[in-house]
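First up is the structure itself, then whatever we jot down about it.
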Amino acid sequence: MTITEHDQDTTNDTDEPSLEASGRGQGTLPEWVRWAVAAASLAVGGLLVAFLWKVNIPFTVIVGALIYVVAIYLISRTVESQRHAVDRVVTGVVTTMFLLSLIPLISLVVTVVTKGAERFDAQFFTYSMRGVLGEGGGAYHAIMGTLVITGVTTLISVPIGIFAAIYLVEYGNKNAISRALTFFVDVMTGIPSIVAGLFAVALFTLFLGPGTRMGIIGAVALTVLMIPVVVKSTEEMLRLVPNELREASYALGVPKWLTISKVVLPTAIAGIATGVTLAIARVIGETAPLLVTVGTTDSTNLNPFDGRMQTLPVYAYYSYATPGIPREPYFARMWAAALTLMLIVMALNVIARLISKYFAPKTGR
Amino acid sequence: MSKQIDVKDLNIYYGDFLAVQDVSTTIAPRSITALIGPSGCGKSTFLRALNRMHEVIPGAKVKGSVELDGQDMYGRGVDPVLVRRKVGMVFQKPNPFPTMSIKENVLAGVKLNNKRIKKSEAEELVESSLKGANLWNEVKDRLDKPGSGLSGGQQQRLCIARTIAVKPEVVLMDEPCSALDPISTLAVEDLMAELKNDYTIVIVTHNMQQAARVSDKTGFFNIEGTGKPGKLVEYDETSKIFNNPSEKATEDYISGRFG
Chain A
1 MTITEHDQDT TNDTDEPSLE ASGRGQGTLP EWVRWAVAAA SLAVGGLLVA
51 FLWKVNIPFT VIVGALIYVV AIYLISRTVE SQRHAVDRVV TGVVTTMFLL
101 SLIPLISLVV TVVTKGAERF DAQFFTYSMR GVLGEGGGAY HAIMGTLVIT
151 GVTTLISVPI GIFAAIYLVE YGNKNAISRA LTFFVDVMTG IPSIVAGLFA
201 VALFTLFLGP GTRMGIIGAV ALTVLMIPVV VKSTEEMLRL VPNELREASY
251 ALGVPKWLTI SKVVLPTAIA GIATGVTLAI ARVIGETAPL LVTVGTTDST
301 NLNPFDGRMQ TLPVYAYYSY ATPGIPREPY FARMWAAALT LMLIVMALNV
351 IARLISKYFA PKTGR
Chain B
366 MSKQIDVKDL NIYYGDFLAV QDVSTTIAPR SITALIGPSG CGKSTFLRAL
416 NRMHEVIPGA KVKGSVELDG QDMYGRGVDP VLVRRKVGMV FQKPNPFPTM
466 SIKENVLAGV KLNNKRIKKS EAEELVESSL KGANLWNEVK DRLDKPGSGL
516 SGGQQQRLCI ARTIAVKPEV VLMDEPCSAL DPISTLAVED LMAELKNDYT
566 IVIVTHNMQQ AARVSDKTGF FNIEGTGKPG KLVEYDETSK IFNNPSEKAT
616 EDYISGRFG
């Protein structure tokens, strides 16, 4: 081993002050060895699992990883040293956990894409389910309903959330009100979504009587879920704005409200917009609160103040829970709806990234 | 343009804690006054009290009076925002607004206050302020580039340009060179010498050579111990403070025996 290679190590063995390789062995394992060991371990693990039970990818990864960790430890300890061996074991364990966390994600994406592709056609996006039994039909009414209800939710939640966060950061000074607000925001972040739905139902029952179903009720339910997310993310972004900027603005004789609106908010706008977009993504897939507040319908209804509306999550749920006969077209539409919803959420995430890229304060010469 | 500051029996508190006790002094117009003293002795707090910036910190309050050419800036009905338009401040760390270009940074005092300004006037103001801050030649070709792309010393001079663009009477500087290298420090010191023709300048510094180089008068703040309030121990001509101080504590401090 050359000295330059060893320069990167900060934890040289203390009992051996020399920079030369120390420990039981004197060499280093070439790079390809761990890949070879990993491949061999996975092969052995796969065969073992298949022999004892059946072909199963997650179990192959787990068993293969166990074999790899033991094998690489022994090999490394013999050839290199104790410290290198431990290093390789930890690397192996961390990588395995990473791969395991990927399995459900990839499995989900593959399932939704392959099954959803069947009905992911023009008719799906242009037809509602009005008068459709069996084949055909689409989710136009559900897509539009989801967009309308989420849009109304955003219009209500974003101003409330952002102004609440401004109060917390700029005016609250940790007084009793702001501490209470922070506490309830934290509690509301964890509130089950059905509770939000029931709250909205109870609220509107007071005004409109029992059994009313309307888009706006669903929007109010989603607002309860969205406001805490917006408050939390905006608050964090506002706290990231350096105090020096506020002081610089005050020192120029700028009043507080102009300092907030023209210095603090523009500096944090990228983060706030990203937070809002992710908050939208968080509520757009909610099913339970919409089930009890908005109901379901087969026709297109774009007016959130007039009667039942269809939304994508509820559409998918009903296609699965109460399919007609034959069931296959209903299931195909359900998967297509799930795929559409996933693509909308993905688009929102891409938009969030673009926003944070283009709105972020520019640096450079 | 330049005004005199009279401080009478000024006590500054953070909550119940007395940070600065019984300061009375007069700061002459068109001069540079340096405030020196060990860390935590209240010199920055005193400086911030001169344009009511300390009020940004919750619980901060003052007793006593600070007069700007005879006008009490702590008087009833005085708007701290208007005080700060007359008494500008430059901070320790250069803090140009990251969302704004160099030009917008200079115009920040005007634009942030929602004032309309003609394009030609704005350009004149940008040029005169940047020239006033000795920065014009370095940035005139990239006025629309972000201010954060400048070097530390240039950023600090940009902040000074931003401060003088609102045409204050007094410029306060809180350790303006402590984050800068010696060459940038020299540039800022030269600038101070020029600015003193038009403005009253008060500077807090930890660098005693700097105080000796640039200032006309020097004030020495000291603190008896932790938890005790800071006091203005001695205030006199800079040459007197550095050559023949009348207080033992001042002599100990400037000769490096403590602090």
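Just so you know, the protein sequences line up as chains A and B, in that order.
If you're matching positions, the first sequence starts at 1 in this note's numbering and goes up one per residue.
If you're matching positions, the second sequence starts at 366 in this note's numbering and goes up one per residue.
Backbone N, C-alpha and C define an ideal beta-carbon position, used for all residues, glycine too.
All values derive from a computational prediction rather than experimental measurement.
- About 4 Å separates the Cβ atoms of residue 253(A) and residue 449(B), confirming a contact at the 8 Å cut-off.
- In this structure residue 505(B) is exposed. Its beta-carbon is surrounded by fewer than 16 other beta-carbon atoms within 10 angstroms.
- Under the Cβ criterion of 7 Å, residue 609(B) is not counted among the residues facing chain A.
- Taking CB atoms only, residue 565(B) has no neighbour in chain A less than 7 Å away.
- For residue 538(B), the enclosing beta strand (DSSP E) begins and ends at 535-539.
- Interface criterion met: the Cβ of residue 266(A) is under 7 Å from a Cβ in chain B.
- Annotation note: the segment 232-271 of chain A contains the following uninterrupted alpha helix (DSSP H) runs of length 4 or greater, listed N- to C-terminal: 243-251 and 256-259.
- Going by C-alpha positions, residue 223(A) is about 22 Å away from residue 343(A).
- Counting C-beta pairs closer than 8 Å gives three or more between the segment 234-252 of chain A and the segment 457-465 of chain B, which meets the contact rule.
- Two segments are said to touch when three or more pairs of C-beta atoms, one from each, lie closer than 8 Å; by this definition the segment 178-198 of chain A touches the segment 211-229 of chain A.
- In the structure shown, residue 375(B) adopts extended strand secondary structure according to DSSP, grouped into three states.
- For residue 382(B), the three-state secondary structure derived from DSSP is strand.
- If you check the CB distance, residue 41(A) and residue 67(A) come in under 7 Å.
- Take the alpha-carbon of residue 173(A) and the one of residue 423(B): they are about 7 Å apart.
- Residue 533(B) and residue 206(A) have their C-alpha atoms spaced approximately 59 Å apart.
- For the pair residue 516(B) and residue 411(B), the Cα-to-Cα distance works out to about 29 Å.
- In terms of CA proximity to residue 169(A), 264(A) leads the group 158(A), 131(A) and 264(A).
- Counting along the chain, residue 340(A) sits inside the alpha helix (DSSP H) bounded by residues 328-359.
- In chain order, 456, 458 and 460 make up the part of chain B whose C-beta sits under 8 Å from the C-beta of residue 244(A).
- Residue 152(A) and residue 220(A) have their alpha carbons spaced roughly 9 Å apart.
- Between residue 334(A) and residue 316(A), the gap from beta carbon to beta carbon is short of 7 Å.
- Only residues of its own chain outside the window of five on either side were considered, and among them none has a CB closer than 7 Å to the CB of residue 183(A).
- Measuring C-alpha to C-alpha distances from residue 319(A) to each of 290(A), 298(A) and 203(A) identifies 298(A) as the nearest.
- The C-alpha of residue 444(B) is placed about 28 Å away from the C-alpha of residue 268(A).
- If you draw a straight line from the Cα of residue 85(A) to the Cα of residue 36(A), it is about 16 Å long.
- Interface criterion met: the Cβ of residue 449(B) is under 7 Å from a Cβ in chain A.
- Just so you know, the alpha carbons of residue 606(B) and residue 255(A) end up roughly 39 Å apart.
- With respect to residue 399(B), residue 614(B) sits apart: the two C-beta atoms are not nearer than 7 Å.
- Here the alpha carbon of residue 477(B) sits roughly 7 Å from the alpha carbon of residue 258(A).
- In this structure, the alpha-carbon of residue 356(A) lies about 5 Å from that of residue 270(A).
- Look at residue 294(A) here: in three-state DSSP terms it is coil, with no helix or strand label.
- Excluding its 5 nearest sequence neighbours in each direction, residue 217(A) has C-beta neighbours in its own chain below 6 Å: 200, 204 and 293, listed in chain order.
- Taking 9 Å as the cut-off between beta carbons, none of the residues of the segment 85-105 of chain A comes near chain B.
- For residue 496(B), the enclosing alpha helix (DSSP H) stretches over residues 484-497.
- By alpha-carbon distance to residue 425(B), the top candidate from 441(B), 404(B) and 380(B) is 380(B).
- From the listed residues 325(A), 360(A) and 347(A), the smallest Cα separation to residue 132(A) is found for 325(A).
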